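Worksheet: one structure, shown below.
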């Protein structure tokens, strides 16, 4: 069993967030969700090569790809953290923050995901994360 398969759902998403950022930083151009998925499966040792295979849901009988669910949640989290954007349907690009961030700084990425980016609101109060402590 692969290292990725042993991870909890949340750990898989955190792992994918980091790997997505690394890929987009390396690519330096827009990518589709499918391009991201195929690259990660082919080029990340921790992710099994058969991750893009369909499985059948025991509840509904429908086919789906579990890896794509995790990938979609990771992409949504990166969007919420303002690290990526979708300039048009099906296209993912890095924001300025996403280009500049150290993709190995998991603590900072996690804080951005949990807070909703550098600028976020709680009630009527606008707050700013102190990014200097994570550099």
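Residue numbers (the numbering used here): 4 to 138. Where a beta carbon is used, it is the ideal one built from N, C-alpha and C, also for glycine. Quick caveat, the model's predicted, so the values are computed rather than measured.
| query | result |
| --- | --- |
| At least three beta-carbon pairs within less than 8 angstroms, the segment 69-76 to the segment 19-39 | yes |
| Span of the alpha helix (DSSP H), counted from its first residue to its last, around residue 109 | 109-118 |
| CB of residue 87 within 9 angstroms of CB of residue 95, strictly | yes |
| Where residue 101 falls, given that 16 or more other Cβ within 10 Å makes a residue buried | buried |
| Status (buried if at least 16 other CB within 10 Å, exposed otherwise) for residue 58 | exposed |
| Entirely enclosed alpha helix (DSSP H) segments - the segment 12-45, minimum 4 residues | 12-30 |
| DSSP state of residue 55 mapped onto helix, strand, coil | coil |
| Pairwise C-alpha distance: residue 55 and residue 41 | 8 angstroms |
| Closest residue to residue 107 among 38, 8, 18 (Cα-Cα distance) | 18 |
| When 37, 10, 49, 33 are compared against residue 68, the one with the closest alpha-carbon | 37 |
| Assigned secondary structure, residue 2 (DSSP; H/G/I helix, E/B strand, else coil) | Nothing in the structure corresponds to residue 2, since the chain is present only between 4 and 138. |
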